[in-house]
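Chemist: First the structure, which I've put down as structure tokens, then a few questions once you've had a look.
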Amino acid sequence: MPDEIETEEIIKDIFQRGKTCFIPRYQFQSNHMDMVKLASPEEISSLPRTSWNIPQPGEDDDREEALSTGGLDLIFLPGLGFDKQGNRLGRGRGYYDAYLKRCVQHQHSKPYTMALAFSQQICLQVPMDENDMKVDEVLYEDPSAS
């Protein structure tokens with residue numbers, strides 16, 4: 501089983517609706533991450549992949565960064581585990597937590613955050629510390645509801 505929901509169809513839908521799509525570009529030597537503009541849904545398959553198998557433009561690929569052009573309305577957050585209180589277990593580097601704090605500084609509000617999860621990723625409780633940012637909404641299939 502993969503550990504993250506595939507977002508390719510969501511990206512296609514964003515472009516079909518005439519919206520702008522930004523994707524993460526991690527700097528692996530730090531916990532710095534930018535959200536950079538994606539030109540088209542087809543472009544995602546041609547981008548180089550990180551050691552986590554995440555497609556992202558190279559550091560030398562000059563792209564529009566979301567915070568330099570007004571910020572973001574919505575961010576889909578990845579994670580290994582989530583609880584129903586909006587706590588998220590990431591991969592331990594703090595990329596998204598640090599980026600969300602930068603959003604608050606630059607655009608004076610936090611974008612709405614949503615996590616897409618498999619039901620197996622929903623935990624009773626995920627430990628949090630002072631650096632962790634909560635997810636506004638966690639979407640997952642509830643097998644007991646069918």
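Mind the numbering: the sequence shown is residues 501 to 646 in the numbering used here, read in order.
All C-beta atoms in this analysis are idealised placements derived from N, C-alpha and C, irrespective of residue type, glycine included.
1) Just to confirm, is the Cβ distance from glutamine 620 to phenylalanine 582 under 8 angstroms?
2) Using a Cβ-Cβ cut-off of 8 angstroms (strictly less than) and excluding sequence neighbours within five positions of asparagine 587, which residues of its own chain qualify?
3) Check the DSSP bridge columns for valine 604 and list the partner residues they point to.
4) Grouping DSSP H, G and I as helix and E and B as strand, with all else coil, what is threonine 507?
5) Check this for me: beta carbons of leucine 574 and arginine 602, under 8 angstroms apart or not?
6) Quick check on the burial criterion: 16 or more other C-beta atoms within 10 angstroms. Buried or exposed for leucine 639?
7) Which same chain residues, not among the five before or five after arginine 549, have their C-beta less than 6 angstroms away from its C-beta?
8) Do the CB positions of phenylalanine 522 and methionine 533 come within less than 8 angstroms of each other?
9) Could you tell me which residues DSSP pairs with methionine 533 in its beta bridges?
10) Where does threonine 569 sit, in a helix, a strand or coil, going by DSSP?
11) In three-state DSSP terms, what is glycine 637?
12) Note down the Cα distance separating arginine 563 from lysine 537, rounded to an integer number of angstroms.
13) Apply the 10 Å Cβ neighbour rule to tyrosine 526 and answer buried if 16 or more other Cβ atoms are within range, or exposed otherwise.
14) Report back the beta-carbon spacing between phenylalanine 515 and proline 541 to the nearest angstrom; my notes put them in contact at under 8 angstroms.
Modeler: The short version:
1) no
2) Gln625, Val626, Pro627, Met628, Asp632, Lys634, Val635
3) Beta-bridge pairing links valine 604 to no other residue.
4) coil
5) no
6) exposed
7) Pro555
8) no
9) Tyr526
10) helix
11) Before going further, note that residue 637 is glutamate rather than glycine in the sequence given. Strand.
12) 6 angstroms
13) buried
14) 5 angstroms
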